[in-house]
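This report refers to the structure that appears directly beneath it.
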Amino acid sequence: MQSRRKFIKNAGIFSAGLLAIQTEAFGFNSDTFQFPLKDFVSKRPPVAERKFTSKAIEAAIVRVKKQIANPELAWIFENCFPNTLDTTVDFEIIDGKPDTYVITGDIDAMWLRDSTAQIWPYIPFVKEDPKLAELVKGVINRQAKCILLDPYANAFYKDFTKESEWKNDLTKMQPGIHERKWEIDSLCYPVRLAHGYWKETGDISLFDAKWKEAMLLILQTFKEQQRMDGKGGPYSFQRQTAWATDGVPLGGYGYPVKPCGLIVSTFRPSDDSTLFGYLIPSNMFAIEILGYLIEIFSLPALKDNDLVVKATKLRDEVQKGLNEHGIINHPKFGKIIAFEVNGYGSFHMMDDANVPSLLSLPYLGAIAPNDPLYLNTRKVVLSENNPFFYKGKAGEGIGGPHTGVDTIWPMSIVLRAITSVDEKEIKACISNLIKTNADTGFMHESFHKDDVNKFTRKWFAWANTLFGEMIVHTSIHYPQILKDKNI
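Below, the structure written as structure tokens:
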């Protein structure tokens, strides 16, 4: 078993699941594109070895491919978009309910964040495919089980009796938990998935007693981590490690924060510890999903006034804290959204590649893409004013401490495209992503700004499926971009 950190140090190791002999030729007419067909052999597992096949997704792949003039882009899309279904899902019926365990790729563990992000791009297709709908419901059910096991954990095993390699972390570890890093977004993403599924299908059967119990636990955990009494609450975390961002100072509670309504996130969605506890992108995500809970439990069939009152009060408190502390005056750019604050007036100005990030906020529905505040913030994070924005021979984009200096995450380039309303910018992002796949046909966790062949994680399903989502998004909103074979 490897942690994400260990995998970075051993980036040459490839999961056996993707080493299967590739036999499926990519369906392009080589005469039309004047490209040798052998260069574009599908990297998908053989049909018999795929974990799950969706008729709706397969049809979408064929449909979107027809819109793409660049053969390499179409090849990468076909490899990436179904990667979560092809390689990471484990579906079964448990106690009469669908249950889907979703690994992140090279690590046999299920992150609440990653599993949602991996499945999210398939939500628009669930009405076309009842089997796919059941798979998604299975993820929602499994996530509720995980939250009820421990709302402070970020990653879990399918087997709740399994012990983690991190069992000696100084926190309340227990079997079934892979890692126990408290991140606000870990509890936001499952709400996003359930709400998105319901909005697409109208199916409220997933909102059963267990799911509701998990939602109440989310509210309780958010309240605890507001730390309104000025104390640390029930959660702390320490690890014996030389990697600074894997540890938490001051007895595992982090540096002091002043209670203001915002929620403490001990770790970022990168699984790196925060410098200042109030991680603003994640608090904005929390505001958004609290609105989802209010909407769901205001439905006549699910009406729960007490829960709605609690969620509304909490959302108002977080919003007030955001308004008072999360918006700062940058000396060059004026009003922008801070990355992290502590409530005492200090702020940390950077952005990270993982989602939620400042760049990704419109993708999560937390702010409009044309909001002046967001556009101002975007200028900062996509410039040298963000210490983790890199520009080199291989491309430009945002990285983060998780993979070290000079590393760019394809995920940040994808999110830049999805949140952009500028066709030239979108086209440049797609072109950059094609060039940085390193002839593998897949996205990666990160690549060196000057060398695409220096990358981490050959099997990172979130990045792959997110890339596919971006291409589907582009095919709908900017189809003319995909018609350019020289992109």
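Residues 7 to 493 in the working numbering are what the sequence shown spells out, letter by letter. No residue lacks a Cβ here, since even glycine has one placed at the ideal position from N, Cα and C. None of the values given here were measured: they were computed from a predicted structure.
{"Check": "Cβ neighbours of residue 474 in the same chain (closer than 8 Å, five flanking residues each side left out)", "Outcome": "83, 86, 87, 88, 89, 127"}
{"Check": "Where residue 405 falls, given that 16 or more other Cβ within 10 Å makes a residue buried", "Outcome": "buried"}
{"Check": "Through-space distance from residue 369 to residue 479, alpha-carbon basis", "Outcome": "11 Å"}
{"Check": "Segment limits, alpha helix (DSSP H) that includes residue 89", "Outcome": "89-93"}
{"Check": "Length of the line joining the Cα atoms of residue 264 and residue 157", "Outcome": "23 Å"}
{"Check": "Inter-residue Cα distance where the pair is residue 503 and residue 142", "Outcome": "The question about residue 503 has no answer, for the chain in this structure spans 7 to 493."}
{"Check": "Residue 95 versus residue 334 - alpha carbon distance", "Outcome": "42 Å"}
{"Check": "Opposing strand residues paired with residue 292 [DSSP bridges]", "Outcome": "The partner list for residue 292 (beta bridge, DSSP) is empty, contrary to what the question assumes."}
{"Check": "For residue 196: DSSP bridge partner residues", "Outcome": "For residue 196, which the question treats as bridged, DSSP gives no partner whatsoever."}
{"Check": "Any 3 or more C-beta pairs closer than 8 Å across the stretch 160-171 and the stretch 179-195", "Outcome": "yes"}
{"Check": "Range of the contiguous alpha helix (DSSP H) that encloses residue 430", "Outcome": "429-441"}
{"Check": "Three-state class that DSSP yields for residue 236 in the structure shown", "Outcome": "coil"}
{"Check": "Residue environment, residue 353, which counts as buried when at least 16 other CB atoms sit within 10 Å", "Outcome": "buried"}
{"Check": "Residue 358 classed as buried or exposed, judged by whether at least 16 other C-beta atoms fall within 10 angstroms", "Outcome": "buried"}
{"Check": "Cβ-based neighbour list, residue 241, same chain, cut-off 6 Å, excluding 5 preceding and 5 following", "Outcome": "158, 188"}
{"Check": "Assigned exposure category for residue 366 - 16 Cβ within 10 Å defines buried", "Outcome": "buried"}
{"Check": "Contacting residues, own chain, Cβ-Cβ under 6 Å from residue 234 (five flanking each side not counted)", "Outcome": "265"}
{"Check": "Straight-line gap, residue 149 to residue 116 (C-alpha atoms, nearest Å)", "Outcome": "9 Å"}
{"Check": "Buried versus exposed, by CB contacts within 10 Å (16 or more), residue 81", "Outcome": "buried"}
{"Check": "Residue(s) in a DSSP beta bridge with residue 111", "Outcome": "466"}
{"Check": "Helix, strand or coil at residue 212 according to DSSP, with G and I counted as helix", "Outcome": "coil"}
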